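Per full-length UniProt numbering, the sequence shown starts with residue 1, numbered consecutively.
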Amino acid sequence: MAKGKKQDSITFVKERFEEAEDWSILRQVQINRSFYSSKQWISWDRVARQVYVPELRPGEVRLTFNKIKPAILTLLSKLCKNRVQLEVKPDTNDIDRIETAKAGFKYLTFQWTEDKMDAKTRRLKFFMLLDGFPALKVYVDKNQGDDIAVEPDMLTGMEDAEVPTKTGKIVTVVRDQFSLYVDPNAESPEEIKWVVERIPVDVDQIEDDWGVEVAPEGDITVRNSFDGGLGSAKNKTYKHHAWLYDYWELPCRRYPNGRRIVIAGDKELENSTDPGEFPYILFPAIPLPGTAVATGMVTDLTTPQKSYNIKRTAEARILEEMGNPLWLKPEGSVDDEELVNEIGGIVTYTPIGSSKPERVQGASVDNGWQAAMERDESDMEDISGAHEISQGATPRGNNTLGGLQLQVEQDETKLALLVQSYEDGIKIWGEKVLRLVQKHFPEEQQLSITGENGEIEAFSFMGADLTGGEVVDVVPGSSMPTLKAVQDEKVMQMYGAGLFNNPQTGQPDSRRVVRMLGESIATQYFDDTEQDENKALTENRLYQQAFGDEATVQALIQYQQQMQGYQEQAAALAQRGMDTSMFQPPQPPVKLPVVRDFYDHEVHIAAHNRYRKSDEYDELPPELQALVDQHVAEHQQALQAPQMQAQQQQAAEAEQQARQQAEEADKQHQHEQAAKMQDHHIRMQEMAAQNDAALQRQGGM
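Now the structure itself:
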């Protein structure tokens, strides 16, 4: 490339940077950071374009009571309370695409942990509150990852700089407004056409990464915060570094694939019209009209904070003067050194007329001062949304449960704008990661993640299985802070209303409710359910593999016909009262899923029914559909077996009870007959005795 052309690209990038560098924005960012860092008595140096703390004037007192930092930390804690929940949706309803989407979700979980995204998003949210317009940069770093074993024959015709030594790695970094400069003509983030990233980079690293030798630019100073005073050198300096400008232009009519120009030390490092995935994701906090650059929460807090500091400083000065007011003394009445302030001290003076030395009471602190400072505090709470209840203090006024819940909801509602911006950006992050892994890492990877129950789950993933068009969704409001007591009460109300009842059994799913309340006693239940679902999906894939081979399909159709003939023959023999055990059923030509008694049959039936609702199942021959239907029927029989067994047991118990009752009735009848016979025998004996007595009386006469 000609030197003139390189110089043109260098000039172009620097002109773009100067166009995007807005010092009114950078000045406000410096002010915000200074106020957060308790440097609040500050001024602006127009020459050095830097915030600094001016020297104290004689007798001047400056007190700082930082109300901004606790408010920002409170908001940051609320924003970091819940991790955002991602979902990967398949591009079709095909079983394979659903499985690929699940694998994509697991990969995002792996990437989130591998890239330490919890810490990075925490820093990102901090810059959203403080500055207002940070960004994430997502790209593939070919200098990271595992080492590559390079064979000697692979080096033929390649230069040393072209030989890959690492597998590469997807990297996410946070960029603030002192690193990333955007198109100033855009009025919203969606209208941004180009960005320039400027960061100091060690010249040795530039040579290692780009193969270009660049001279250091001396001591590079990054004025991204405050200075202790004019002439002091407290800003961070970079030695042996050079400014690296990374210009990215989004796809347009002239550059359908976008454009990237990288320069450093007046040398061009890269100039590409097909640079790949645009790496930046912008996270605007509080929008401003007429510009794409947003502002932070601290911007509007600086005015009441400054007013509060002035009042507290004046109050302290007045209180100090009230304890040691001025003396008024007639000239010649007393020497100055005799005017003492000790408790119980005696001052000897010479009266001059009716005058004598006396104290002059100055200004006093009344209730108006306290009311004015409370107004400043109230203004800061209203601006930030971090009221007393959000900071863990009991608010004044309505302290009922409903009132407290309403105040908490009001504070959290003010965070909705930041939460939505954050969730929109994380959705883009997830889609970028999947596109990058699909393009740069198509081979199979063996990865592991920590599951929901704290157990290590290993899985295999191939970027080639992705289409690049997977949709990543964020559960709306999943990162929104919630009050656990209110959430638990809501869950219990839904539980009491029967919203968690099983529609088939009508019984409440108590284990699900316990899990929603944050308890872990239902871990085994969820582990077993997921294991059964994975087993059922494996059975679905087994059917798909068998039905995908033409020879296997013909063998299965023949097997199904033989099975139908066997069942008809066995039924005919059973009607004749003949033993059917002598006839063995035909064996399937391939291994088919078998129903086991220890499966969760409801989970299996639900998974198989999803397959039976697919277009792939509808296109199968009736004989193959019958195989799946028969398998589901076996699950249904196994599911109903306990009920049928219970019914049979109840019938047997009822029959046994009836038989026992009949036996008892027969015994009772026999007992009654025996009693009657005994009574009859006794009566006959009595009658015989009476007859004998009568005959004896007649013979005596």
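Yeah, the Cβ is synthetic: ideal placement off N, Cα and C, and Gly gets one too.
In this text, all values refer to a predicted model and were calculated from it rather than measured experimentally.
Residue i burial status per 10 Å Cβ neighbour count (16 or more: buried)
i	result
residue 443	exposed
residue 198	buried
residue 16	buried
residue 241	buried
residue 12	exposed
residue 696	exposed
residue 290	exposed
residue 686	exposed
residue 96	exposed
residue 353	exposed
residue 536	buried
residue 368	exposed
residue 309	buried
residue 522	With a pLDDT of only 46 at residue 522, under 50, the local geometry of the prediction cannot be trusted, and no value is derived from it.
Chain B within 8 Å of residue i, Cβ atoms only
i	result
residue 564	Within the model displayed, chain B is absent; a lone protein chain is all it includes.
Proximity winner among the options, relative to residue i (alpha-carbon distances)
i	options	result
residue 379	298, 418, 245	298
residue 278	193, 221, 105	193
residue 591	491, 614, 552, 240	552
residue 468	275, 595, 215, 434	434
residue 39	67, 678, 561, 447	67
residue 623	643, 82, 588, 644	588
residue 427	72, 136, 14	136
residue 560	615, 494, 631	631
residue 272	578, 9, 557	9
residue 30	18, 53, 20	53
residue 385	75, 21, 32, 696	75
residue 238	645, 222, 170	222
residue 73	128, 336, 243, 247	128
residue 20	619, 116, 330, 180	180
residue 430	472, 445, 698	472
residue 204	172, 243, 253	243
residue 366	196, 319, 614, 617	319
residue 616	547, 124, 422	547
residue 174	679, 670, 445, 425	425
residue 105	667, 488, 462	462
residue 211	270, 514, 37	270
residue 702	284, 288, 256	As shown, the chain starts at 1 and ends at 701. That puts residue 702 outside it, with no answer to give.
For residue j and residue i, the rounded distance between their alpha carbons
i	j	result
residue 131	residue 207	33 Å
residue 282	residue 264	24 Å
residue 448	residue 460	8 Å
residue 610	residue 621	18 Å
residue 46	residue 218	23 Å
residue 581	residue 595	22 Å
residue 373	residue 267	56 Å
residue 293	residue 92	38 Å
residue 57	residue 169	55 Å
residue 541	residue 607	11 Å
residue 626	residue 543	12 Å
residue 14	residue 236	23 Å
residue 300	residue 383	7 Å
residue 286	residue 295	5 Å
residue 577	residue 567	15 Å
residue 138	residue 639	50 Å
residue 78	residue 118	14 Å
residue 662	residue 643	28 Å
residue 102	residue 458	13 Å
residue 520	residue 564	Legend: pLDDT at residue 520 = 49, less than 50; position of this residue unreliable, value from coordinates given subsequently. Between residue 520 and residue 564, the C-alpha separation is close to 49 Å.
residue 171	residue 186	28 Å
residue 89	residue 474	11 Å
residue 350	residue 326	19 Å
residue 33	residue 126	11 Å
residue 260	residue 183	15 Å
residue 414	residue 71	13 Å
residue 705	residue 253	Since the displayed the chain opens at 1 and closes at 701, residue 705 lies outside it and no answer follows.
residue 144	residue 99	29 Å
residue 707	residue 305	Because residue 707 is not part of the residues shown, which for the chain are 1 to 701, the question remains open.
(message) What ranges does the beta strand (DSSP E) occupy inside the stretch 256–300, keeping only unbroken runs of at least 3 residues that lie completely in it?
(response) 259–264, 267–272, 280–282
(message) Using a Cβ distance threshold of 8 Å, determine whether the stretch 311–322 contacts the stretch 58–77, with at least three qualifying pairs required.
(response) yes
(message) Is it the case that the stretch 591–608 contacts the stretch 527–536, given that we only count it when at least three CB pairs across the two stretches are under 8 Å?
(response) yes
(request) Run through the stretch 413–479 for me and flag every whole alpha helix (DSSP H) of 4 or more residues, listed as ranges in chain order. (result) 416–440
(request) Take every Cβ of the stretch 94–109, pair it with every Cβ of the stretch 491–498, and state whether three or more of those distances are shorter than 8 Å. (result) no
(request) May I ask you to verify whether the stretch 71–90 touches the stretch 466–480, counting CB pairs closer than 8 Å and requiring at least 3? (result) yes
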